[in-house]
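K.L.:
Residue numbers (the working numbering), protein chains in the order written: chain W, 1 to 259; chain F, 260 to 518. Even for Gly, the Cβ is constructed at its ideal location relative to N, Cα and C. Note that the structure is predicted; figures quoted are calculated from it, not measured. For reference, the structure I am asking about is given below.
Number of protein chains: 2
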Amino acid sequence: MANKIVLLGAGNVATHLARAFSGAGHEIALWNRSEAALKSIVAELGCPCTTDMDALPKDADVYIISVKDDAVDSVAEQLAHTLGKTKATVAHTAGSLPKSLLDKHFENAGVIYPMQTFSREKALDYKEIPFFIEEEDDVLKRLALTVSEHVFTLTSEQRKVLHLASVFACNFANHCYTIAEDVLRQIDIPFATLLPLIKETTQKVSVLSPREAQTGPAVREDDTVLGRQIHLLDSRPDLRDIYILMSNSIISYKLGVKS
Amino acid sequence: MANKIVLLGAGNVATHLARAFSGAGHEIALWNRSEAALKSIVAELGCPCTTDMDALPKDADVYIISVKDDAVDSVAEQLAHTLGKTKATVAHTAGSLPKSLLDKHFENAGVIYPMQTFSREKALDYKEIPFFIEEEDDVLKRLALTVSEHVFTLTSEQRKVLHLASVFACNFANHCYTIAEDVLRQIDIPFATLLPLIKETTQKVSVLSPREAQTGPAVREDDTVLGRQIHLLDSRPDLRDIYILMSNSIISYKLGVKS
Chain W
1 MANKIVLLGA GNVATHLARA FSGAGHEIAL WNRSEAALKS IVAELGCPCT
51 TDMDALPKDA DVYIISVKDD AVDSVAEQLA HTLGKTKATV AHTAGSLPKS
101 LLDKHFENAG VIYPMQTFSR EKALDYKEIP FFIEEEDDVL KRLALTVSEH
151 VFTLTSEQRK VLHLASVFAC NFANHCYTIA EDVLRQIDIP FATLLPLIKE
201 TTQKVSVLSP REAQTGPAVR EDDTVLGRQI HLLDSRPDLR DIYILMSNSI
251 ISYKLGVKS
Chain F
260 MANKIVLLGA GNVATHLARA FSGAGHEIAL WNRSEAALKS IVAELGCPCT
310 TDMDALPKDA DVYIISVKDD AVDSVAEQLA HTLGKTKATV AHTAGSLPKS
360 LLDKHFENAG VIYPMQTFSR EKALDYKEIP FFIEEEDDVL KRLALTVSEH
410 VFTLTSEQRK VLHLASVFAC NFANHCYTIA EDVLRQIDIP FATLLPLIKE
460 TTQKVSVLSP REAQTGPAVR EDDTVLGRQI HLLDSRPDLR DIYILMSNSI
510 ISYKLGVKS
C-alpha cells in the first residue's frame, strides 16, 4: 500500500530514503532548510519540495526527520508547531538518538534507522539494507518492508550499541584504508593495488568470524616484524600510536583477555 | 614453461603457493620441519614431500622458503648446506624481510611476496593476487606470471612499506570487525547483520578514495555523538582508547593536517 511520506532533510540519508521510497511507489514530498541541496533531488525524482515548512502537506501518513543529529530537536519542534496535533507517525533516522526526543512533540513518534554508509552519488540495493525500527504500532515497520527484506525492531538503548558497532565496522575500517593509502604514497603505489586484499578480507568474514579470520604479525605475535613496522613509523607518531594500540588489541583478543 | 619448484614450509602462504603452482602445471615438492602440517597438502595435491631436507630434489629451478619470518634465516642456512653451490633461484615470501638475508647464502637470491590474506581452507582466485618480486634476473617474475596477472617489481625497502600498508588495510580493518562483533554481543545481534554495511564500505573505495568515502560522526565532527559513544565504552577502556585515537585521526585527515 502506497503511503504519503514527507522527508525533512536533504543530506545523504534523506536523499537515499527519497530514492528508496519513491522507487517503492510511495508519494513523497521534501523539505530542507536550504534550497541548494534540494535541487539535485528534485531534478532526479521530480517530487514536490520546499524550504517553507508551512507549505508541506498536512495529511501525510509519515514524516521522517533526517537531518544532522544536532538539528533533529529543533526541526521536530518546528514541525510540531506547523502540524499542530497530528495522528501521523513522525520518525527520525538517527542511530544514536532516542525515540523519546520525538515523544515529547508527537503522539505517534518513532525511529527508522537504515544501517548503511550513504554517499549521495553511489547507487545502492535497498533490499539488502537492514532497517532498525522503534515505534508503538507497526506503521514504520510496514513502510520499511516495502523497501528492504531486513527489518528489525530495537529499543533506543540497543540502537545506540548497534550504531557504535557500525562505527567500528565501517568508519574505522575505512580509516584503516585511508592510512594505508597514505603509507603507499611514499612508494608511489596506487591504493587500487590493495583492493584484492581488501576484498578478500571482507569476503572471509562472511564465512569465518573476524577473530578466526585474523592474520598478520600481531596475531602471530611476531615481535620482529612488529618492531620493524613500528620503527618504519618513527616519523609519523600519530600512525605509530594507532599501530601499537591496534596490534596490542589484536593480541589481547587472541589471548582471550577481552570479550 | 613448467618449472620444478621446491617449497619449504607448510603454513597458509606455502599451502596456497603449492596449490597455485600445482594448478599452473609446475612440478612441486615440499619440505616442512614437522610432518603434521604436510599431510593435508599431500592428501590434496599428491606431491612428494618430506621432513628430511637431504631428501629434497637437488635439481629444482626454484626453491621458495615460506616459513615464519623468524625461521627464514635458519631454514636458508640449512638449505644452503644441503644444496651446496647452486645456480637455482632461492626466494623467500616475506613482506618485511630484505632480499639480502638470502644473498649471503645463494648466488641467485630473490623475493616473491604475494600480497593477500591467506587462510588455509578458503579457496582463492590466484589471478587477482598481486605478486611483488625482487631478483637480479627474471626467473621469479616469469614464474609469478604463470599464476597471476598482477606482477610488480619492488626493492626490499619499498616492500617493507607495502607490507605496512597491507597491515592497516587488512589486519587492522579486520580487527575493527572483531571489535564490532564484540560490541554487538551486548545486544544479541549477530555479526552477519553488519555484512551489507561492510560490503558497501569496501565497494565504495573501488570508486572513491577512502578519504572521500568516509562517513560517520568523526568526519562530521559531531561532538554530541562522539561524546555519547565514548561514554558507552566507559566499561571498556581498551576500546575507548581505540575509539578516541581513530576518531581524532579521522578528523586530522579531514582537516588536512596529515598526508
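Can you list, in chain order, the residues of the region 470–498 of chain F whose Cβ is nearer than 9 Å to any Cβ on chain W?
P.N.:
Those residues of the region 470–498 of chain F that come within reach of chain W (Cβ to Cβ, closer than 9 Å) are 470, 471, 472, 473, 474, 475, 476, 477, 478, 479, 481, 482, 483, 484, 487, 488, 491, 492, 495, 497 and 498.
K.L.:
In chain F, which residues lie less than 8 Å from residue 116/W when you measure between Cβ atoms?
P.N.:
Here the neighbours are 455, 456 and 459.
K.L.:
Measuring alpha carbon to alpha carbon, tell me which residue in 101/W, 50/W, 56/W and 219/W is nearest residue 73/W.
P.N.:
Ranking 101/W, 50/W, 56/W and 219/W by Cα distance to residue 73/W puts 101/W first.
K.L.:
Less than 9 Å between the beta carbons of residue 281/F and residue 306/F, yes or no?
P.N.:
Closer than 9 Å, so yes.
K.L.:
Please confirm if residue 280/F has its CB atom under 9 Å from at least one CB of chain W.
P.N.:
So no, residue 280/F is outside the interface.
K.L.:
Which residues in chain F sit within 7 Å of residue 253/W, going by Cβ to Cβ distance?
P.N.:
Residues of chain F passing the Cβ test: 437.
K.L.:
Using three-state DSSP, classify residue 263/F as helix, strand or coil.
P.N.:
Three-state result, residue 263/F: strand.
K.L.:
Can you list, in chain order, the stretches of the alpha helix (DSSP H) that have 4 or more residues and sit fully within the region 333–363 of chain F?
P.N.:
Listed in chain order, the complete alpha helix (DSSP H) runs (minimum 4 residues) inside the region 333–363 of chain F are 359–362.
K.L.:
Decide if the region 237–256 of chain W is in contact with the region 210–219 of chain W; the criterion is three or more beta carbon pairs, one per stretch, under 8 Å apart.
P.N.:
Taking 8 Å as the limit for Cβ pairs, the verdict is that the region 210–219 of chain W does touch the region 237–256 of chain W.
K.L.:
Let's test the definition: count the other Cβ atoms within 10 Å of the Cβ of residue 496/F and tell me whether it reaches 16, buried, or not, exposed.
P.N.:
By the neighbour-count rule (16 or more Cβ atoms within 10 Å), residue 496/F is not buried but exposed.
K.L.:
Between the Cα of residue 260/W and the Cα atoms of 189/W, 92/W and 230/W, which residue gives the shortest distance?
P.N.:
In the structure displayed, chain W extends from 1 to 259; residue 260/W sits before or after that span and is not available.
K.L.:
Are the CB atoms of residue 162/W and residue 134/W within a distance shorter than 9 Å?
P.N.:
No, these two residues do not count as a Cβ contact at 9 Å.
K.L.:
Return the bridge partner residues of residue 409/F from the DSSP annotation.
P.N.:
The partner list for residue 409/F (beta bridge, DSSP) reads 389/F.
K.L.:
Here's the rule I'm using: 16 or more other beta-carbon atoms within 10 Å means buried, otherwise exposed. How should residue 249/W be labelled?
P.N.:
Residue 249/W is buried by the Cβ-count criterion.
K.L.:
What does the alpha-carbon distance come out to for the pair residue 518/F and residue 20/W?
P.N.:
Confidence in residue 518/F is poor, its pLDDT being 45 and thus under 50, which makes the residue's placement unreliable; the coordinate value appears in the next sentence. If you take the alpha carbons of residue 518/F and residue 20/W, they lie about 37 Å apart.
K.L.:
Using a Cβ-Cβ distance under 9 Å, would residue 150/W count as near chain F?
P.N.:
Yes, its Cβ sits closer than 9 Å to a Cβ of chain F.
K.L.:
Between residue 395/F and residue 124/W, which are expected to be in contact by the criterion C-beta below 8 Å, what is the C-beta distance as a whole number of angstroms?
P.N.:
About 50 Å; that fails the 8 Å criterion.
K.L.:
What residues of chain W sit near residue 466/F, judged by a beta carbon separation below 8 Å?
P.N.:
Simply 122.
K.L.:
Under three-state DSSP, which class holds residue 308/F?
P.N.:
Note: residue 308/F maps to strand in three-state DSSP.
K.L.:
Of all Cβ atoms in chain F, is any one closer than 9 Å to the Cβ of residue 250/W?
P.N.:
Answer yes: the Cβ-Cβ gap between residue 250/W and chain F drops below 9 Å somewhere.
K.L.:
The beta strand (DSSP E) with residue 114/W in it runs from where to where?
P.N.:
Run containing residue 114/W: 108–114, per the beta strand (DSSP E) assignment.
K.L.:
Quick check: what's the CA-CA separation for residue 302/F versus residue 379/F?
P.N.:
Between residue 302/F and residue 379/F, the C-alpha separation is close to 14 Å.
K.L.:
When you compare the CB of residue 430/F with every CB in chain W, is at least one pair closer than 9 Å?
P.N.:
True, the Cβ-Cβ gap to chain W drops below 9 Å.
K.L.:
Sort out for me which residues DSSP pairs residue 322/F with in a bridge.
P.N.:
265/F and 349/F.
K.L.:
In chain order, what residues of the same chain have a beta carbon less than 7 Å from the beta carbon of residue 97/W, not counting five sequence neighbours either side?
P.N.:
69 and 72.
K.L.:
Quick check on residue 81/W: buried or exposed, where buried means 16 or more other Cβ atoms within 10 Å of its Cβ?
P.N.:
The residue in question, residue 81/W, is exposed, as its Cβ has fewer than 16 Cβ neighbours within 10 Å.
K.L.:
Check whether chain F comes within 9 Å of residue 162/W, counting only Cβ atoms and requiring the distance to be less than that.
P.N.:
It does; some Cβ of chain F falls within 9 Å.
K.L.:
Give the secondary structure of residue 286/F by DSSP, where H, G and I count as helix, E and B as strand, and everything else as coil.
P.N.:
Here residue 286/F sits in strand by DSSP.
K.L.:
Counting only runs of 4+ residues fully inside the region 418–500 of chain F, write out the alpha helix (DSSP H) ranges in chain order.
P.N.:
With a minimum length of 4 residues, the continuous alpha helix (DSSP H) runs that stay inside the region 418–500 of chain F are 432–444, 454–463, 469–472 and 482–491.
K.L.:
Whose C-alpha, out of 177/W, 164/W and 180/W, is nearest the C-alpha of residue 438/F?
P.N.:
When only C-alpha atoms are compared, the closest one is 164/W.
K.L.:
Looking at the secondary structure, which residues open and close the alpha helix (DSSP H) in which residue 402/F lies?
P.N.:
Its alpha helix (DSSP H) spans residues 398–404.
K.L.:
For residue 498/F, which of 76/W, 172/W and 112/W has the nearest alpha-carbon?
P.N.:
Comparing Cα-Cα distances from residue 498/F to each of 76/W, 172/W and 112/W, the minimum goes to 172/W.
K.L.:
Give the interface partners of residue 387/F over in chain W, defined as CB-CB distance under 7 Å, in chain order.
P.N.:
Within 7 Å Cβ-Cβ: 196.
K.L.:
Measuring alpha carbon to alpha carbon, tell me which of 406/F, 323/F, 409/F and 410/F ends up nearest residue 365/F.
P.N.:
Of the candidates 406/F, 323/F, 409/F and 410/F, the one whose C-alpha sits nearest the C-alpha of residue 365/F is 323/F.
K.L.:
Could you pull the DSSP bridge partners for residue 394/F from this structure?
P.N.:
DSSP output for residue 394/F lists 369/F as bridge partner(s).
K.L.:
Check this for me: beta carbons of residue 2/W and residue 8/W, under 9 Å apart or not?
P.N.:
For residue 2/W and residue 8/W, no; Cβs fall outside 9 Å.
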